[in-house]
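*Asks:*
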Amino acid sequence: VVGHYECGMASLNPDTMIGHIKERGVSEEVLSTLENSGIKLTKWLKGFDNEKEGVIHTVDLIKRHPLLPPNVPVHGMIID
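So in UniProt numbering, spot 38 of the sequence shown is number 38, and the numbers just go up one at a time.
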């Protein structure tokens with residue numbers, strides 16, 4: 001996982017992203033199906049406050065993914 005300073009994802013607004021998704025043609029029905037399947041878009045599409053914490057969180061998320069074998073190394077770094 002490679003993070004970088006002044007990342008645009010840090011200030012990501014989930015409501016704005018969902019608006020763009022709708023503008024691109026994704027229907028309310030599809031969004032409702034995702035929500036009802038346990039995918040909370042407003043939580044998933046939120047940004048982060050700190051680049052370092054964002055990389056740490058993403059590395060942890062990947063390491064804990066059930067489809068990734070435990071012996072696969074996952075690393076993170078931040079570039080400037």
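Where is the CB? At the ideal position from N, CA and C, for every residue including glycine.
Just so you know, these numbers come straight off a predicted model, no measurement behind them.
Give a yes or no on whether 8 angstroms exceeds the smallest Cβ distance from T33 to chain B.
*Replies:* Included in the structure is just one protein chain, with no chain B present.
*Asks:* Please list the terminal residues of the continuous alpha helix (DSSP H) segment that includes P59.
*Replies:* Taking the sequence shown and counting its residues from 1, one reaches residue 59 at position 59. A small fix is needed here, since residue 59 is Val in this sequence, not Pro. Where V59 is concerned, the enclosing alpha helix (DSSP H) stretches over E51 to K63.
*Asks:* Around the Cβ of V2, are there at least 16 other Cβ atoms within 10 angstroms (buried) or fewer (exposed)?
*Replies:* Along the sequence shown, one-based indexing puts residue 2 at 2. V2 should be labelled exposed.
*Asks:* Quick one: residues in its chain with C-beta nearer than 8 angstroms to the C-beta of H57, no 5 flanking neighbours on either side, listed in chain order?
*Replies:* Indexing the sequence shown from 1 puts residue 57 at position 57. For H57, where only same-chain residues beyond five positions count, the Cβ hits under 8 angstroms are F48.
*Asks:* Could you check if G38 is buried or exposed, using at least 16 other CB atoms within 10 Å of its CB as the buried criterion?
*Replies:* Here residue 38 refers to the residue found at position 38 when the sequence shown is read from its first residue. By the 10 Å Cβ count, G38 comes out exposed.
*Asks:* Alpha carbon to alpha carbon, what distance is there between E28 and I21?
*Replies:* Taking the first residue of the sequence shown as position 1, residue 21 is located at position 21. Taking the first residue of the sequence shown as position 1, residue 28 is located at position 28. Near 10 angstroms, if we compare the C-alpha coordinates of E28 and I21.
*Asks:* Leaving out five residues on either side along the sequence, give the residues of the same chain with a beta carbon under 6 angstroms from the beta carbon of L12.
*Replies:* For this step, residue 12 is matched to residue 12 along the sequence shown. So the qualifying residues of the chain are G47.
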